[in-house]
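Novice: Could you have a look at this structure, given as structure tokens, before my questions?
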Amino acid sequence: MNLRVLVVDDSSTMRRIIVNVLTQLGISSDFIHEAQDGLFALGKVKTNSYDLILTDWNMPKMNGLQFVLNVRRLPKYTTTPILMITTEGGKSEVVEALKSGVNNYIVKPFNADVLKAKLEPILRKHKK
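All residue numbers for the sequence shown refer to the numbering used here, where the first residue is 6 and numbers rise by one.
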């Protein structure tokens, strides 16, 4: 599947876990890019096109919420699915993330099945 994906997390271990799940779902690793913080990721979204973005909340330089708000201001990303994967699990944080433009939310720690379940509706839409 040629879905272009950006994985944003300051933890290289977490990025590796997410990339492994994405490849298990049939997404070619050639189409998965990584970024270690929101500022670096923002540069990537401005110079590339992505069909899906997965981002952490708590990161240095620019956090995930600021990143999402900046991405949503870009015309080519107004409808791109964004999934936030974070330790911020309180109701107010979830609501804040959804208001900022996140399409779905996963609280860490999570397992591969949870991530797959959140991604499957997005992947089905992309296959059409």
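Ideal Cβ positions, reconstructed from N, Cα and C, are used throughout, including at glycine.
Report whether the distance from the Cβ of I127 to the nearest heavy atom of the ligand GTP is below 7 Å.
Specialist: Summarising the ligand content, the structure contains no ligands, and the ligand GTP is consequently not present.
Novice: Using three-state DSSP, classify V73 as helix, strand or coil.
Specialist: helix
Novice: Quick check on the DSSP output: the beta strand (DSSP E) that includes I58 runs from which residue to which?
Specialist: L57 to T60
Novice: Do the CB positions of D14 and D61 come within less than 8 Å of each other?
Specialist: yes
Novice: My output table needs one value for I22: the three-state DSSP class, helix, strand or coil.
Specialist: helix
Novice: Cβ of T92 within 8 Å of Cβ of V107?
Specialist: no
Novice: Go ahead and pull the three-state DSSP assignment for L11.
Specialist: Three-state result, L11: strand.
Novice: Would you grab the beta carbon distance between L120 and I23 for me? Rounded to a whole angstrom, and I think it's under 8 Å.
Specialist: 7 Å
Novice: If I measure Cβ to Cβ from A40 and keep anything under 6 Å in the same chain, skipping five residues before and after, which residues do I get?
Specialist: Same-chain partners within the cutoff: V13, A46 and K49.
Novice: Output the distance between the C-alpha atoms of Y55 and S16, rounded to the nearest integer angstrom.
Specialist: 21 Å
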